[in-house]
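Visitor: Below is the structure I would like to discuss, written out as structure tokens.
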Amino acid sequence: MSELEELMKVFGEAGGDNSILVREDIAHFAASGNKILSTRATQGLEIQAEETATGIAARVRVLEGTIIKNPVHLCFGILHKKGLQEIRMDIKFETGASAHFIAHCIFPKAEKVKHIMDAVVEIGENAQMTYSEVHYHGPYGGIEVLPKAVVKVGKSGRYLADFSLITGRVGKLAIDYTVKAGENAVIELIARVFGHGDDMISIKEKVTLDGENSKGLIKTRVAIEDRAQAEVTGITEGNAMGARGHVDCMEIVKDSAVAKAIPIVNVTHPLAKVTHEAAIGSVDKRQLETLMAHGLTPEEAVDVIVKGILK
Amino acid sequence: MPLLEIKDITYRVKEKEIFSGLSLAIESEEVHAILGKNGIGKSTFAYLIMGCESYIPTSGVMLFEGKIINDLKIHERAQLGITLAWQEPMRLEGISVRDYLTLKKKEIDPSIYLEMVGLSPELYLTRMMDKSLSGGERKRIELASIVALEPKLAILDEPDSGIDMLSIQDIINVINVLKKNGAAVLLITHREEIGKIADKASQICNGKIICSGDPEKVAQYYKSRKCEVCIAGVCAYV
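In order, the protein sequence lines correspond to chains A and B. Going letter by letter, the first sequence gives residues 0 to 310 in numbering that gives the first Met the number 0. Going letter by letter, the second sequence gives residues 0 to 237 in numbering that gives the first Met the number 0.
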């Protein structure tokens with residue numbers, strides 16, 4: 000079995016659709032470690048990638064006015080127990096461009112793996128990027144994942160990102176995203192993580208609302224059990240007239256897990272407004288009792304609630 | 000043998016006695032309305048029967064189909080056939096209306112139950128049980144979920160609160176369907192028109208059932224406000 004076939008096999012087992020590789024109308028880019036395994040661009044999309052000593056450096060452009068109908072799939076992974084993968088991404092959506100990128104990050108056997116993602120993203124005027132990042136780290140927890148992104152969103156642009164790591168172990172995760180919003184720009188950052196064992200989760204997301212009437216939402220949903228630890232820092236700055244921001248963090252804690260939430264709101268313009276809400280604790284007793292009154296055992300009820308907030 | 004038998008229940012919170020020697024029996028397929036002024040403990044009574052956390056009788060016995068249920072957890076009571084529609088149903092993030100209605104019985108068609116409470120399945124099945132639903136919508140969905148469970152005893156805690164006047168008939172329909180399906184209903188309500196469909200009614204005052212019998216007579220007695228100066232021994236039965 001080739002490395003690509005193996006990567007796609009795990010991708011399929013994790014719920015992915017293997018047909019994305021063969022379909023001509025779907026763009027993709029697949030890399031294992033520092034090897035580029037497969038790439039396909041569609042009209043209006045440019046992918047220039049090269050292998051580096053420790054990973055991949057890629058330059059991606061969605062050209063002016065291009066609206067890519069089907070999601071663009073990015074498959075990254077390390078199939079071995081040990082390894083390092085450093086991905087450097089330079090992404091630009093030109094004026095009026097629109098696309099949905101889905102990154103599948105697959106590390107099924109990770110025992111001593113490090114995955115670094117360092118992305119610089121520029122969203123042009125009236126452009127829209129939807130970015131979904133789905134991780135699968137396998138059952139061992141021997142992985143360190145360090146996703147970092149600096150995103151700049153232009154006038155009336157939209158950047159909607161959704162990070163998900165809810166199957167298998169997390170290992171050590173340290174997300175560090177910074178997004179700057181221009182006039183009328185809309186930012187939405189959603190992260191959903193389920194930690195087990197001695198997983199360590201750190202999520203730091205910052206939205207700077209510099210443009211007039213820009214809007215930002217940071218929404219984080221974390222569930223942790225066993226001895227896992229999570230620290231969520233959501234920072235929103237309102238620096239312009241009409242800027243509206245909200246930070247919404249919910250963490251469910253079970254067993255000996257420890258959670259911390261740090262919402263930081265900073266407003267420098269009198270006509271900007273930023274709000275925040277954070278809830279940390281065990282599963283809500285009334286929610287639990289509602290489900291138990293429907294005949295669910297306490298374990299089933301907790302499972303339904305946790306899966307719900309991570310959905 | 001009554002379906003539910005409450006025998007001489009006492010329930011104390013710190014030094015305050017909420018119930019002192021409360022007794023009540025509900026037969027199968029009986030709709031039994033509970034009346035009483037605000038703060039008298041009607042919802043507390045519902046939570047005691049359902050077995051909610053920290054709602055444990057200080058003394059007395061609760062029997063369901065002849066089995067003592069005092070020590071059973073909520074889900075164990077639910078598995079026996081007891082369920083509760085909360086006065087203020089919870090929001091549940093990430094759970095669709097369809098998921099909620101089929102929590103325990105995956106095989107049912109949830110549309111039937113939504114239509115029963117006046118909600119369109121096309122519009123509501125994919126909606127989330129979160130803050131996007133109004134209080135009235137959540138109440139209706141809660142009632143639909145109770146019917147879908149096919150319980151032996153449904154405790155409805157003020158099913159009419161937060162639901163507009165035009166929808167009262169929907170609630171009455173739900174109660175009739177529950178009864179038709181063989182369920183007894185313990186109905187906590189302030190609305191006379193809903194209370195009237197009960198087979199029997201009881202008034203709680205001063206920690207006891209002070210009168211029990213024909214719903215209209217109990218309602219008249221309640222409206223006379225004699226309970227404000229309750230002398231439980233005098234007005235034990237209507």
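All residues carry an ideal CB built from backbone N, CA and C; glycine is no exception.
Would you tell me roughly how many angstroms separate the C-alpha atoms of A:E2 and A:R191, rounded to the nearest one?
Guide: For the purposes of this step, residue 2 of chain A is taken as the residue at position 3 of the first sequence. For the purposes of this step, residue 191 of chain A is taken as the residue at position 192 of the first sequence. Spanning the two alpha carbons is a distance of roughly 29 Å.
Visitor: Taking B:L47 and B:I8 to be in contact with their CB atoms under 8 Å, please state how far apart those CB atoms are, rounded to whole angstroms.
Guide: Counted from its first residue, the second sequence places residue 47 of chain B at position 48. Counted from its first residue, the second sequence places residue 8 of chain B at position 9. Between B:I8 and B:L47 the Cβ distance is about 7 Å, and since that is below 8 Å, they are a contact.
Visitor: Excluding the 5 residues preceding and the 5 following B:M115 in the sequence, name in chain order all residues of the same chain whose CB lies nearer than 7 Å to its CB.
Guide: Counting from one through the second sequence, the residue named residue 115 of chain B turns up at place 116. Within the same chain, B:M115 has close Cβ partners A143, V146, N172, V173 and V176.
Visitor: Give a yes or no on whether the C-beta atoms belonging to B:E182 and B:K138 are separated by under 8 Å.
Guide: By one-based count along the second sequence, residue 182 of chain B stands at place 183. By one-based count along the second sequence, residue 138 of chain B stands at place 139. According to the sequence provided, residue 182 of chain B is Ala. The question's Glu does not apply to it. Not closer than 8 Å, so no.
Visitor: Can you tell me which of B:L23, B:V60 and B:I17 puts its alpha carbon nearest to the alpha carbon of B:I39?
Guide: In the second sequence, the residue the question calls residue 39 of chain B occupies position 40. With distances taken between Cα atoms, B:I39 lies closest to B:I17.
Visitor: In the segment 87–171 of chain B, which residue ranges form an unbroken beta strand (DSSP E) of at least 3 residues, counting only runs that do not cross its ends?
Guide: The qualifying runs are 152–156.
Visitor: Quick check on this structure: which residue in A:A160, A:A173 and A:V133 has the alpha carbon closest to the alpha carbon of A:P146?
Guide: Residue numbering aside, residue 146 of chain A sits at position 147 when the first sequence is read from its first letter. Checked all of A:A160, A:A173 and A:V133; the closest Cα to A:P146 is A:A173.
Visitor: If we count Cβ pairs, one from each stretch, closer than 8 Å, do we get three or more for the segment 196–213 of chain A versus the segment 274–282 of chain A?
Guide: Segments in contact, no.
Visitor: Please name the residue in A:A258, A:T289, A:R243 and A:R87 whose C-alpha comes closest to that of A:T267.
Guide: For this step, residue 267 of chain A is matched to residue 268 along the first sequence. A:T267 has its Cα closest to that of A:R243, out of A:A258, A:T289, A:R243 and A:R87.
Visitor: Given a cut-off of 8 Å, decide if A:A271 and A:V215 are closer than it, judged by their beta-carbon atoms.
Guide: Indexing the first sequence from 1 puts residue 215 of chain A at position 216. Indexing the first sequence from 1 puts residue 271 of chain A at position 272. Position check: residue 215 of chain A holds Gly in this sequence, whereas Val was assumed. The answer is no: Cβ separation not under 8 Å.
Visitor: For the segment 277–295 of chain A, enumerate the residues whose C-beta is nearer than 7 Å to any C-beta of chain B, in chain order.
Guide: Cβ contacts with chain B: K284, R285, Q286, E288, T289, L290, M291, A292, H293, G294 and L295.
Visitor: Assuming B:S110 contacts B:L132 under a Cβ cut-off of 8 Å, what Cβ separation, rounded to an integer in Å, is found between them?
Guide: For the purposes of this step, residue 110 of chain B is taken as residue 111 along the second sequence, with counting starting at 1. For the purposes of this step, residue 132 of chain B is taken as residue 133 along the second sequence, with counting starting at 1. B:S110 to B:L132, Cβ: 17 Å. No contact.
Visitor: Do you know offhand how far A:G141's Cα is from A:G170's?
Guide: For the purposes of this step, residue 141 of chain A is identified with residue 142 of the first sequence, where counting begins at 1. For the purposes of this step, residue 170 of chain A is identified with residue 171 of the first sequence, where counting begins at 1. Distance between the alpha carbons of A:G141 and A:G170 is about 6 Å.
Visitor: Could you round the C-beta distance between A:H27 and A:H72 to whole angstroms and report it? I think they count as a contact, below 8 Å.
Guide: By one-based count along the first sequence, residue 27 of chain A stands at place 28. By one-based count along the first sequence, residue 72 of chain A stands at place 73. About 4 Å; that satisfies the 8 Å criterion.
Visitor: Quick one: list the residues of chain B neighbouring A:I332, beta-carbon separation under 8 Å, in chain order.
Guide: Since the displayed chain A opens at 0 and closes at 310, residue 332 of chain A lies outside it and no answer follows.
Visitor: Taking the DSSP output, what are the residues bridged to A:A180?
Guide: Locating residue 180 of chain A in the first sequence gives position 181, counting from the first residue. A:V152 and A:L208, per the DSSP bridge assignment.
Visitor: With 16 other CB atoms within 10 Å as the buried threshold, where does A:Q286 fall?
Guide: Against the first sequence, residue 286 of chain A aligns to sequence position 287. Per the 10 Å Cβ criterion, buried.
Visitor: With a Cβ-Cβ cutoff of 8 Å, do A:R226 and A:A258 count as a contact?
Guide: Here residue 226 of chain A is taken as the residue at index 227 of the first sequence, counted from 1. Here residue 258 of chain A is taken as the residue at index 259 of the first sequence, counted from 1. Contact: no.
Visitor: Can you pull the chain A residues whose beta carbon is under 9 Å from the beta carbon of B:H74, in chain order?
Guide: The residue labelled residue 74 of chain B in the question sits at position 75 within the second sequence. Going along chain A in sequence order, the residues near B:H74 (Cβ under 9 Å) are L290, M291, A292, H293, G294, L295, T296, P297, E299 and A300.
Visitor: Comparing C-alpha positions only, which one of B:D159, B:L122 and B:L148 sits nearest to B:K105?
Guide: Locating residue 105 of chain B in the second sequence gives position 106, where the first residue counts as 1. Ranking B:D159, B:L122 and B:L148 by Cα distance to B:K105 puts B:L148 first.
Visitor: When the Cβ atoms of the segment 25–33 of chain B are set against those of the segment 199–214 of chain B, are three or more pairs found closer than 8 Å?
Guide: Yes, the segment 25–33 of chain B touches the segment 199–214 of chain B.
Visitor: Which chain B residues sit within Cβ distance under 7 Å of A:I308?
Guide: What you label residue 308 of chain A is simply residue 309 of the first sequence in a count that begins at 1. In chain order: E92 and G93.
Visitor: Specify, as a first and last residue, the run of the beta strand (DSSP E) that A:F106 falls within.
Guide: Working through the first sequence from its first residue, we reach residue 106 of chain A at position 107. Note, A:F106: premise wrong, no beta strand (DSSP E); not H, not E.
Visitor: Under 6 Å Cβ to Cβ from A:A160, same chain only, skipping five residues before and after it: list those, please.
Guide: Start at 1 with the first residue of the first sequence, and residue 160 of chain A comes out as number 161. Here the set comprises Y130 and L188.
Visitor: Can you check DSSP and say which residues form a bridge with A:K316?
Guide: One cannot answer for residue 316 of chain A here, as it falls past the ends of chain A, which runs 0 to 310.
Visitor: Against B:T82, what residues of chain A qualify as contacts under a CB-to-CB distance less than 9 Å, listed in chain order?
Guide: Working through the second sequence from its first residue, we reach residue 82 of chain B at position 83. A292, H293 and G294, listed in chain order.
Visitor: Go to A:H134, then tell me how far its beta strand (DSSP E) extends in each direction, as first and last residue.
Guide: Residue numbering aside, residue 134 of chain A sits at position 135 when the first sequence is read from its first letter. Looking at the DSSP string, the run of the beta strand (DSSP E) that includes A:H134 is Q127 to Y135.
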